[in-house]
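**Student:** This is the structure I want to talk about, given as structure tokens.
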Amino acid sequence: MNVLKVPARTIAVFVLPCLLLYTCMVFVPILVSVYCGLLDWNGIAEAKFVGLANFERIFTADSVFWPSVKRTMMFAVFSMLEIPFCLLLAILLNRYVRKANTLVTMYFLPVILSVVIIGQLWKTIYNPASMGGMLNGILMAIGLESWTRSWLTEPQIAMYALYFVSLWQYFGYHLLIQFTGVQNIPNELYEAAKIDGAEGFKADRYITLPLIVPIFKISIVLAFIGSLQSFDLIWVMTGGGPAHATDTVSTYMYNMSFLSMKYGYGSALASILVVICLSFTIVINFVFKRIENKVS
Amino acid sequence: MSRTKMKAFAIVVVSALALTLAACNNGQSASPGNSGEPSRGTETKDVTITFQNINPDPSTPSYKMIKQIVGQYEQDHPHVKIELDSLNTDQQKLKLKTQAAAKEVPDITIVNPAAQMKPFVDAGLLAPLNDVADKEGLKDTFQNGLLNYYSFDDKLYAFPDGNNIEVVFYNKELFKQAGIQKLPTTFDELITTVKTLKAKGITPIAIGEKDSWTGSLLFMNILLRTNEGPNFLNDVLDGKKTFNDPAFVEAVDAFQELVQAGAFPDGATSIDYNAGGNIFKTGKAAMYIMGTWETGSIDASSVAGKVGAFQFPTVNGKGDVNEYVIAPGSAFAVSANSEHLQETKDFLHYFIKEMPKIQFDLKNAIGSGQKMKGDLKEAGYSELAISLNELFKNVKGGDLAFDNTMNPAIAQAHLSSIQNLFVQKEDSAQVAKEHQNTFEANK
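In order, the protein sequence lines correspond to chains A and B. Numbering-wise (our numbering), the first sequence opens with residue 1 and increments by one. Numbering-wise (our numbering), the second sequence opens with residue 1001 and increments by one.
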């Protein structure tokens, strides 16, 4: 800041409006919903203060909450697992494919589609064969009739079907980020390495990987936090059903707040979700700091 | 922290606080002042009345009905403008809840009967409409007892648009194709019919169970029979019965039997209400157990003329087929905080008065909540509509849907529990027990 040599007042003039807006739009609502989490309130009538009763019930007596946390976590983990593949593909594209941009753009297409469209599209793909479901249709056509099933309504499978759609949708997004990262590494480095006898995998190990770590981190954080909040896709495709089998924390929160009209309970769930997101962001940042120190 | 930094920080905190406080202030001062009735002298002043409704689809008769009446009224009352806010049912429910939380209910809105509208009444958001009902005998145009579903403490809060019963629509052609001669009158016969249809590769009963109320509505038919009459849920509410009652357990068992017999389409829980209805309306399923409000749209679909309807059968020899799961419509309510309360009431009075006539002309009168005048046959109604109208004459009473009787938290737990029966077999006693536990926790 001293480098800028401007008085703090001047900085404040530029920063304050945004900061204020941010405070009002983000922090105040968070505080309000934490407070609402302490109420027994249907969202309309008089609210009753019940202290930590909602939280207590969520942690001890709610049979839907913990499974939904588990599904949310799985969602996050799955969404991270695809990023190494994206990186690998990005490296290969950059090295071996001329005009790779076109390919990357094609992979990116699902990202710009609305989630509702994606959801409807995959719903039709997953449908039972009797309703024209493409996936089951293909399985039957190639003689794997025993593999056909009702993908979105069997409690044990439905969640994985949803993970897959999300992976498919965001593959292009992460690929683009990784691809840009890889492209931005100056070619001279590789040429220099070549002179020193490092090529292919070796060059990747000592040049690409260290330089891509910050980009990799961005991808991971985005994927992780994004999927902790996963709501729209699930809501469109299964609505959290059948019977809570595909509920994540956020769909369950919606269900409680607006369908069951237990606004206080829903707010308590929301507060817990904020804490989960926050703690994982901190953990990821911590882990990456160590990795960065190690590889560079 | 240096001095200037401290100062800057202090400014940030203070202004943030000021802003939020200002926001709170605004919210509070807005509501109470405006609720007084406008004086008679302001009658010629231009007013805009917001009319939230659940008929967004221009092809439906209900949409045409609202458009027509509003058009007429605006013509006769040039100083009144009616602004339509047309949403589909789910959106409207959500929007109203959000508006209610901010105490900004539109002048006219849509509510559902009994337990679903109770929170709004308790919060004092709806205006009592007894004066409107008494004016020109409007009350007497409604079927007996119907307005009770919308009254609390002798105060009427809304006027319903219909009064429907739940029946079994069936596709005569598909029944013939499967060689079924006789319509099922007992639950065992229904199961046999289902199996026969299934064996012929025909989906027996269409349903869209992603919207979980559909399965619950069907389930309530069974419960109405196994309980040998209505009021099971009310008895639970009054503490006279529990969900562990044999009638409830028996109903769960019967329902599971239906599921296990393969009555419903594959992946039923991923099909929403509209898509579920379309399975029947495109002739792909043989039966559709739904409210009579579907009559108009069945008559407008490709299976028109091939559809008949019968009463939900008795279960294990119990129940009376003239008792029905009843859906006393959705209803028009007025915001207690409306800025133009008197004008809104005047308009609503006109609207309700005109509704039966216009509905009749639009061939949308089956399941009307108001008494109908006129000959259906002469007016060109379908055979299905006429036969349903006959059924209405012998209605002995019945039950409301689960979510119209129990509070939303219990209702949601019930809905997801019934949805679960579509995907896996459960111990019926356990299902009953879970219902009871949820009920006690959310009483």
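Every residue gets a Cβ at the ideal spot worked out from N, C-alpha and C, and that includes glycine. This structure is a prediction, so every number in the text was calculated from the model and none was measured.
Is the Cβ of A:Pro-128 closer than 8 Å to any Cβ of chain B?
**Tutor:** Judged by the 8 Å Cβ criterion, A:Pro-128 is in contact with chain B.
**Student:** Between the Cα of B:Thr-1185 and those of B:Lys-1067, B:Val-1321 and B:Phe-1169, spot the shortest distance and give me the residue it belongs to.
**Tutor:** Answer by Cα proximity: B:Val-1321.
**Student:** Is the separation between the beta-carbon of A:Thr-148 and that of A:Ala-129 shorter than 8 Å?
**Tutor:** Yes, Cβ-Cβ distance for A:Thr-148 and A:Ala-129 is below 8 Å.
**Student:** Which first and last residues belong to the alpha helix (DSSP H) in which A:Glu-211 is found?
**Tutor:** Per the sequence shown, the amino acid found at residue 211 of chain A is Leu instead of Glu. 209–228 is the extent of the alpha helix (DSSP H) around A:Leu-211.
**Student:** What do you reckon, are the CB atoms on A:Leu-139 and B:Pro-1408 nearer than 8 Å?
**Tutor:** No; because the gap between Cβ atoms is not below 8 Å, this pair is not in contact.
**Student:** Measure the Cβ-Cβ separation of A:Thr-153 and B:Val-1307 and say whether it is below 8 Å.
**Tutor:** No, these two residues do not count as a Cβ contact at 8 Å.
**Student:** Counting only the same chain and skipping the five closest in sequence on each side, list residues whose C-beta sits under 7 Å from that of A:Thr-208.
**Tutor:** These residues qualify, in order along the chain: Ile-91, Val-182 and Ile-185.
**Student:** So, does the CB of B:Thr-1292 fall closer than 8 Å to a CB anywhere in chain A?
**Tutor:** Judged by the 8 Å Cβ criterion, B:Thr-1292 is not in contact with chain A.
**Student:** Where in the stretch 27–103 of chain A do unbroken runs of the alpha helix (DSSP H), each at least 4 residues long, occur, reported from the N-terminal end onward?
**Tutor:** The qualifying runs are 28–36, 53–60 and 65–96.
**Student:** Based on the DSSP secondary-structure assignment, which residues constitute the bridge partners of B:Pro-1313?
**Tutor:** B:Pro-1313 is not bridged to any residue.
**Student:** Give me the chain A residues within the contact set of B:Thr-1405, using Cβ-Cβ distance strictly less than 8 Å, ordered along the chain.
**Tutor:** Ordered by position in chain A, no residue passes the 8 Å Cβ test against B:Thr-1405, which lies about 15 Å from the chain.
**Student:** Using a C-beta to C-beta distance shorter than 7 Å, which residues of chain A count as neighbours of B:Pro-1422?
**Tutor:** The identity of residue 1422 of chain B in the sequence shown is Phe, whereas the question assumes Pro. Per Cβ cutoff of 7 Å: Pro-242.
**Student:** In this structure, does DSSP put B:Lys-995 in helix, strand or coil?
**Tutor:** Lying outside 1001 to 1443, the shown extent of chain B, residue 995 of chain B is not represented and no answer is given.
**Student:** Which residue wins for smallest C-alpha separation from B:Thr-1048, given the options B:Lys-1393, B:His-1340 and B:Glu-1173?
**Tutor:** Taking only the C-alpha atoms, the option nearest B:Thr-1048 is B:His-1340.
**Student:** Mind checking whether B:Phe-1051 and B:Ala-1331 have CB atoms under 8 Å apart?
**Tutor:** In this structure, B:Ala-1331 does not lie closer than 8 Å to B:Phe-1051 by Cβ.
**Student:** Give a yes or no on whether 8 Å exceeds the smallest Cβ distance from A:Leu-259 to chain B.
**Tutor:** So, interface residue.
**Student:** With distances taken Cα to Cα, identify the nearest neighbour of A:Ala-47 among A:Lys-262, A:Ile-291 and A:Phe-164.
**Tutor:** It is A:Lys-262.
**Student:** Once the 5 residues before and after B:Asn-1442 are set aside, which same chain residues still bring their CB inside 7 Å of it?
**Tutor:** Excluding positions up to five away in sequence, the list reads Asn-1407, Ala-1409 and Ile-1410.
**Student:** Compute the Euclidean distance between the alpha carbons of A:Gln-250 and B:Ala-1263, then round it to the nearest angstrom.
**Tutor:** The sequence given here has Ser at residue 250 of chain A, not Gln. Straight-line Cα distance between these residues: approximately 33 Å.
**Student:** Please list the terminal residues of the continuous beta strand (DSSP E) segment that includes B:Tyr-1324.
**Tutor:** First-last of the beta strand (DSSP E) with B:Tyr-1324: 1323–1327.
**Student:** How should A:Gln-120 be labelled, buried or exposed, when 16 other C-beta atoms within 10 angstroms of its C-beta is the threshold for buried?
**Tutor:** The residue in question, A:Gln-120, is exposed, as its Cβ has fewer than 16 Cβ neighbours within 10 Å.
**Student:** Note the first and the last residue of the continuous alpha helix (DSSP H) segment covering B:Pro-1061.
**Tutor:** Unbroken alpha helix (DSSP H) run through B:Pro-1061: 1061–1076.
**Student:** List, in order along the chain, the chain B residues whose C-beta lies closer than 7 Å to that of A:Gly-239?
**Tutor:** Ordered by position in chain B, the residues that pass the 7 Å Cβ test against A:Gly-239 are Lys-1210.
**Student:** Taking the C-alpha atoms as reference points, what is the distance between B:Val-1303 and B:Gly-1276?
**Tutor:** If I take the Cα positions, the gap works out to 15 Å.
**Student:** Can you list the residues of chain A that B:Thr-1269 reaches, using a CB-CB cut of under 7 Å?
**Tutor:** Neighbours of B:Thr-1269 on chain A, chain order: Thr-153, Gly-241 and Pro-242.
**Student:** Got a sec: is the Cβ-Cβ distance from B:Leu-1217 to anything in chain A below 8 Å?
**Tutor:** Chain A, which has no Cβ nearer than 8 Å to the Cβ of B:Leu-1217, makes this no.
**Student:** Please list, in chain order, the chain B residues whose beta carbon lies closer than 8 Å to that of A:Gly-51.
**Tutor:** What A:Gly-51 touches in chain B: nothing, since even the nearest Cβ is about 17 Å away.
**Student:** Taking 8 Å as the threshold (C-beta atoms), are B:Ser-1335 and B:Gly-950 in contact?
**Tutor:** Chain B is shown only over 1001 to 1443; residue 950 of chain B falls outside these bounds and no answer can be derived.
**Student:** Could you pull the start and end residues of the alpha helix (DSSP H) that A:Phe-14 belongs to?
**Tutor:** Start and end: 8–22.
**Student:** What three-state label does DSSP hand B:Asn-1171 in the structure shown?
**Tutor:** Strand at B:Asn-1171.
**Student:** In whole angstroms, give me the CA-to-CA distance for A:Leu-89 and A:Ala-223.
**Tutor:** The alpha-carbon atoms of A:Leu-89 and A:Ala-223 are separated by roughly 17 Å.
**Student:** Count the other C-beta atoms from every protein chain shown that fall within 10 angstroms of the C-beta of A:Asn-54, then say buried if there are 16 or more, exposed otherwise.
**Tutor:** Buried is the call here.
**Student:** With a threshold of 8 Å between beta carbons, is A:Asn-42 in contact with chain B?
**Tutor:** So yes, A:Asn-42 belongs to the interface.
**Student:** Does DSSP classify B:Gly-1208 as helix, strand or coil?
**Tutor:** Reduced to three states, the DSSP call for B:Gly-1208 is coil.
**Student:** Between the stretch 1206–1224 of chain B and the stretch 1254–1273 of chain B, are three or more C-beta pairs nearer than 8 Å?
**Tutor:** Segments in contact, yes.
**Student:** Just checking my contact of B:Val-1236 with B:Thr-1242 at CB under 8 Å: how many whole Å lie between their CB atoms?
**Tutor:** Right, their Cβ atoms sit about 6 Å apart.
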